[in-house]
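Going by the working numbering, the letters in the sequence shown line up with residues 343 to 787, in that order. Where is the CB? At the ideal position from N, CA and C, for every residue including glycine. These notes concern the structure reproduced below.
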Amino acid sequence: MSNLNPTFERTLGPVMLWGLGVGYVISGMYFGWNLGLPEGGTLGLGIATFFISVMYVFFTFSYCELACAIPKSGGAFDYANRALGVNWGFLAGLTQFIEFVFAPPAIAYAIGAYFHEFLPMYSILTIAIFSFMVFTALNIFGVKAAASFELFITVFAVLELIIFAGVSLPHFTSTKFFQNSLPNGVTGIFASIPFAIWFFLGIEGVANVAEETINPQVNVVKGFGSAIATLVFLCLLTFTSSIGVAGWEAIVFLDEGSRTTSDSPLPLALSYIFGKDNFFYHLLLTIGLFGLIASFHGLILASGRVTYEFGRVGYFPKIFGKIHPRFHTPSWALLLNMAIGILALISGKTAEIITIACFGAILLYILSLFTFFKLRRDEPQMNRPFKAPFYPWSQRLALGIAIIALFSLTWFYKKLALIYFLILTIGFIYFKFVINQKKDSHVSK
Numbered sequence: 343m344s345n346l347n348p349t350f351e352r353t354l355g356p357v358m359l360w361g362l363g364v365g366y367v368i369s370g371m372y373f374g375w376n377l378g379l380p381e382g383g384t385l386g387l388g389i390a391t392f393f394i395s396v397m398y399v400f401f402t403f404s405y406c407e408l409a410c411a412i413p414k415s416g417g418a419f420d421y422a423n424r425a426l427g428v429n430w431g432f433l434a435g436l437t438q439f440i441e442f443v444f445a446p447p448a449i450a451y452a453i454g455a456y457f458h459e460f461l462p463m464y465s466i467l468t469i470a471i472f473s474f475m476v477f478t479a480l481n482i483f484g485v486k487a488a489a490s491f492e493l494f495i496t497v498f499a500v501l502e503l504i505i506f507a508g509v510s511l512p513h514f515t516s517t518k519f520f521q522n523s524l525p526n527g528v529t530g531i532f533a534s535i536p537f538a539i540w541f542f543l544g545i546e547g548v549a550n551v552a553e554e555t556i557n558p559q560v561n562v563v564k565g566f567g568s569a570i571a572t573l574v575f576l577c578l579l580t581f582t583s584s585i586g587v588a589g590w591e592a593i594v595f596l597d598e599g600s601r602t603t604s605d606s607p608l609p610l611a612l613s614y615i616f617g618k619d620n621f622f623y624h625l626l627l628t629i630g631l632f633g634l635i636a637s638f639h640g641l642i643l644a645s646g647r648v649t650y651e652f653g654r655v656g657y658f659p660k661i662f663g664k665i666h667p668r669f670h671t672p673s674w675a676l677l678l679n680m681a682i683g684i685l686a687l688i689s690g691k692t693a694e695i696i697t698i699a700c701f702g703a704i705l706l707y708i709l710s711l712f713t714f715f716k717l718r719r720d721e722p723q724m725n726r727p728f729k730a731p732f733y734p735w736s737q738r739l740a741l742g743i744a745i746i747a748l749f750s751l752t753w754f755y756k757k758l759a760l761i762y763f764l765i766l767t768i769g770f771i772y773f774k775f776v777i778n779q780k781k782d783s784h785v786s787k
């Protein structure tokens, strides 16, 4: 009987959830964030990162309250659906889908670029597509195996960041750290916001495995809380130790006098200490790959649950809302996400895809915080095993920062904002005039 209606298995504990939460995000410590330094410099990106960190801490505890009260794999989609109605619920689900489905291709490309150095006979695109296939297969095989692998590589990635800081901090100088610290003035703070978001993007994916968590009302809190604490610490450590070695230009541009940017800020910092033939330089390159794989693998896991939930309620074809009878994973949803990711890779627009994923994340946070306030007001008696602290001021602060971030993204990336909101508009029209009409016709029959 169970094979006729397979369901998720509850196998995840707080340690696994910590591994997933940190793993979703940790690649952001290894690459990408440094590209915000030409926009904001040390001070500009630092200020943006401070406020984005505050937003993420308060948002995470608010989202944790929602996840414990409504432990469903759809995350923001299920919360908004209950609080704001089906229209806003669909939009929250679509923003979540965009974030989690469009972030992995950028990381896959970085993985492909890394392996291409060792396997030049294979193109970056070929390796990236192969990586998608391998890690999609691992996620289909089973959530416990996927989460165990995630925990293993996440621990390695965290230890490597600590080793990096231990090696580089003795070479820190405040002169280098604050050199040319605000190259574009105050506007650079706002322009660097998407790169500050990249430090933390994806942590909310912990909520999407709530249906696979043992005692989610307790363990989701432990997983979320320990993960955000770890990430804030690693962000501060990495930002300070890498820039303080030789200044921010040293971890952005490949060579002095060159304007060619690099996605490898930490190895660049070490090259100023040891040169490129030193053991620590190659160690960081090698173990740094664990950070990329951890985020890539973890985001594939979370995105599968997001797509599955849309399939389960009929917003996507029903096949994507089915659980594999043997592995108890959303196999068809994972395969759909892989296909979309490969198409995104083929487009070659990975930088643009990252920014669109940031748009998805920020709007998701805004809608989730409105959902939080609505449920607190309309359902005060709802069973809340965990309550977010400092209500309502912490949520208001997080919401204000998120709204400013969305306006900043829209102002500095107008073309991508147009594409993003066009995707939302087309999706909503499809929802109203195709999906709803189908549902109405089924009801009338």
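How many angstroms separate the CA atom of P672 from the CA atom of R647? 7 Å
Determine the direct distance from the alpha carbon of I505 to that of I495, and round the result to whole angstroms. 15 Å
With distance defined between alpha-carbon atoms, name the residue in F444, F773 and S710 nearest to F403. S710
R424 lies in the alpha helix (DSSP H); which residues open and close that run? A418 to L426
Find the nearest neighbour of L573 within the set F537, G547, F541 and F477, judged by alpha-carbon distance. F541
Given a cut-off of 8 Å on the beta-carbon distance, is the pair A538 and I394 in contact? yes
L461 in three-state terms, based on DSSP: coil
Near A489, which residues of its chain fall below 7 Å by C-beta distance, leaving aside the five closest residues on each side in sequence? L354, M358, G361 and L362
Is M397 closer than 8 Å to A740 when the C-beta atoms are compared? yes
How long is the line joining the alpha carbons of I310 and I642, rounded to whole angstroms? Here the chain covers residues 343 to 787 and nothing more, so residue 310 does not appear.
With which residues is L354 paired in a DSSP beta bridge? T555
By DSSP's criteria, T603 is part of a beta bridge. Which residues make up the other side? F595
Within the same chain, show all residues whose beta-carbon is closer than 6 Å to that of F770, passing over the 5 residues directly before and after it, in chain order. none
I need the straight-line Cα distance from I695 to K729, nearest angstrom please. 35 Å
Starting from the C-beta of P356, find all residues in its chain whose C-beta is less than 6 Å away, skip the five residues before and the five after it, and write them out in chain order. N561, K564 and G565
Quick one: what's got a C-beta closer than 6 Å to L480's C-beta in the same chain, skipping five residues either side? A488
Tell me the rounded alpha-carbon separation between A422 and N725. 17 Å
Using the beta-carbon count (16 or more within 10 Å), is K756 buried or exposed? exposed
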